[in-house]
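Read the structure below first, then the notes.
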Amino acid sequence: MKKSICITGGAGFIGSHLVRLFVNKYPEYRIVNLDKLTYAGNLENLKDLEDKPNFEFVKGDIVDGDFIIELFKKYQFDGVIHLAAESHVDRSIANPNEFIYTNIVGTTNLLNAAKLIWKDNAEGKRFYHVSTDEVYGSLGETGYFTESTPYDPKSPYSASKASSDHLVRAYGHTFGLPYVISNCSNNYGPYQFPEKLLPLFIHNIKNNKALPVYGKGENVRDWLWVEDHAAAIDLIYHEGRNAETYNIGGNNEWTNIDLIRLLCKIMNKKLGREEGSSEKLITFVKDRAGHDLRYAIDSSKLQKELGWMPSLQFEEGLERTIDWYLENEDWLKNVTSGDYLKYYEEQYEKR
Ligand code: NAD
Ligand code: TYD
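Per numbering that gives the first Met the number 0, the very first residue in the sequence shown carries number 0; after that it's consecutive.
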C-alpha cells in the first residue's frame, strides 16, 4: 500500500461520499474509516465498499484519547482527513456539550496522535481538517466570506468548529504539524440525515406533512453538490499548499423560501400532484435562536490555484437528490427507526 489514510466520520453524509471516492479512485491506498456510528453515522452508506480490499472500518470514538493514540500507532497513518463531528446547528442549541467533546476534544486527540506518530518524520504527511463556512459568522445582504474573513461564529456548532480550526492551525504553528483546512458551504445530495433541511422537506412533502420554515424563510444559504465537495477535498489533500486554508462553495445562493418553493414545484411534478399543492404544506414556525442570516463563499482561491469548479447545475443536483430519496425509502426508514444499528451488529460484531 502506497499510503495509509484515516478518514474520520466516513459513515456520515459527506464522509461516505469521500470514502467512496478515495477507495475507488486510489486502490493503492489503504483507507481506514474511523467512526463512532452516532445517530448520523450509518454503515449502509458504505455497503458497496464492504468487500474492497483497500477499505477497513474501525468503530471508535475520537473523544477517547488513549484509543486514538493506540489506533494511530497500529496503523501508522500517512494522512488524516478529519470529518467526524456533531454537525447539526439545532442540536447544538438544544445540547451544546456533545459538540464540545467531539468537535474540540476529539479534534485535539487526533492532532496529538498525529503529532506523536509523525514526530520523527513529517515528510509527506498531512492532517486535513474539514470545516464549515459557518465559522465566519453571518453576512448582511452583500459580500462574501474569503479565507481572510475574521472568525465570528454565532452558534455552539460553529463556535466548536471554529475552535477546532484554531487548534489545527496552532498545532501547525507550534509543533510544525503539516495541515490543511477547508471551509465549505451547505452540502446537499444522497445519504444526508433527514434532520437537515433538504432531506427533511423531501420526506415531509412525500408524506404530506407540514414544512416547518424557520422565521420568514429569508435566510440565505449557498448550496453545493456533495460530490463536488468530495472532489475538492481530494484535490486539496493531494495538491493544496501546506498550512493553507481553502474556501469551497457552489456560487449558488438561495433564500430558504425560494429553495423550498422550487423543491415543492419539482416534487409536485415527480409525484404527479397538482401544481401548487405541496406549497400548501409550508408552515412558518418560530425562528431558530441566533439564526445566521446569510452565508456566501468566495472560492476563487481554490479555483485559481487548483482549478476546482463545481460540476453540477443546481436544478440537476436537486432533481438527482429528490430521485435518490424517493427511490431509497428503506434507507430513510432505517436511519430514522434506528434499524441501522442492527445492521452494524449483524455486519461487524460477529466478526
Ligand atoms: P454528519 O453528521 O452526517 O456525519 C458525522 C459523522 O461523524 C457520523 O458518521 C458520526 O457517526 C461521526 N461522529 C460523530 N461523533 C463522532 C465521534 N465522537 N467519534 C467518531 N465519529 C463521530 O456530518 P456531515 O454533514 O457529513 O459533515 C461532515 C463534516 O463536514 C463535519 O466536520 C462538518 O462540520 C463539515 N461540514 C458539513 C457541511 C454540510 O453541509 N453538511 C458543510 C461544511 C462542512
Ligand atoms: P440546515 O440544513 O440545518 O443547515 P445550516 O443551519 O447548517 O445552514 O438548515 C438550512 C437552512 O434551513 C437554515 O437557514 C435553517 C433552515 N431550516 C428551516 O427553515 N427549517 C428546518 O426544519 C430546518 C432543518 C432548517
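Each residue gets a CB set at the ideal place from its N, CA and C atoms; glycine is no exception.
Approximately 15 Å separates the beta-carbon atoms of residue 241 and residue 300; this is outside 8 Å, ruling out the contact. 8 Å or more divides the Cβ of residue 114 from the Cβ of residue 70. Runs of the beta strand (DSSP E) lying entirely within the region 252-301 and spanning at least 3 residues, in chain order: 252-254 and 281-284.
Residue 325: member of the alpha helix (DSSP H) spanning 313-326, first to last residue. Taking C-beta separations shorter than 7 Å and ignoring five residues to either side along the sequence, the partners of residue 153 in its chain run 136, 137, 289 and 291, following chain order. Within the DSSP secondary-structure output, residue 26 pairs in no beta bridge. Exclusion of residue 202 from the 7 Å shell around the ligand TYD follows from its C-beta lying no nearer than that to any non-hydrogen atom of the ligand. Rounded to the nearest angstrom, the gap between the Cα atoms of residue 217 and residue 134 is 20 Å.
When DSSP reads this structure, residue 32 sits in a beta bridge with 6 and 56. For residue 246, the distance from the CB to the nearest heavy atom of the ligand TYD is not below 7 Å. According to DSSP, residue pairing for residue 212 in a beta bridge involves 283. Listed as beta-bridge partners of residue 244 by DSSP are 180. The Cβ-Cβ distance between residue 101 and residue 83 falls below 8 Å.
Between residue 227 and residue 309, the alpha-carbon positions lie close to 6 Å from each other. The C-beta distance from residue 106 to residue 163 rounds to 4 Å, short enough to meet the 8 Å contact threshold. Relative to the Cα of residue 33, the nearest Cα in the group 45, 221 and 253 belongs to 45. Secondary structure of residue 145 (DSSP, three-state): coil. Under DSSP, no beta-bridge partner is assigned to residue 98. Residue state for residue 224 is assigned as strand, using DSSP reduced to three classes. By the neighbour-count definition (other C-beta atoms within 10 Å, threshold 16), residue 244 is a buried residue.
When C-beta atoms of the region 186-204 are compared with those of the region 147-161, fewer than three pairs fall below 8 Å, so the two segments do not count as touching. In the DSSP annotation of this structure, residue 192 is not part of any alpha helix (DSSP H), being labelled neither H nor E. The three-state reading of DSSP puts residue 150 in coil, since its state is none of H, G, I, E or B. With 16 or more neighbouring CB atoms inside 10 Å of its own CB, residue 7 falls in the buried class.
Runs of the alpha helix (DSSP H) lying entirely within the region 62-99, each at least 4 residues long, are 64-74 and 88-93 in chain order.
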